[in-house]
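Student: Below you'll find the structure I mean.
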Amino acid sequence: YPNPFNSAVNIPFSLAAPERVVLELFDLAGQRVAVLVDAVREAGEHEVRWRGEGTASGVYLLRLRAGDFVDERRITLAK
């Protein structure tokens, strides 16, 4: 949140158990733009803040992998 966002977006997620979390950002062509998290995180609520500085306006795919769980969401950067 917020989505669309102007300069920064907060990405909340929760884990039921400790897991290796990989949170990546891709453009619509499938090119990885950023790796926001690649580490083991404890169970509980987490939040990552991403600043879109140096990134073009547009729609991006946000992919969260934690254990066997995978979720993708679209986020829109509007400068």
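In this text, residue positions in the sequence shown follow the working numbering: the first is 5, and each later residue adds one.
Even for Gly, the Cβ is constructed at its ideal location relative to N, Cα and C.
On a predicted model such as this, the values are computed, not experimentally measured, just so you know.
Taking E46 and P22 to be in contact with their CB atoms under 8 angstroms, please state how far apart those CB atoms are, rounded to whole angstroms.
Tutor: 5 angstroms between Cβ atoms; contact.
Student: In chain order, what residues of the same chain lie with their CB nearer than 6 angstroms to the CB of L40, ignoring the 5 residues before and after it?
Tutor: L27, V52, W54
Student: According to DSSP, is T80 helix, strand or coil?
Tutor: The answer is strand: DSSP assigns T80 an E or B state.
Student: Out of D31, N10, G48, state which residue places its alpha-carbon closest to the alpha-carbon of V25.
Tutor: G48
Student: When the Cα atoms are used, what is the spatial distance from L32 to G62?
Tutor: 9 angstroms
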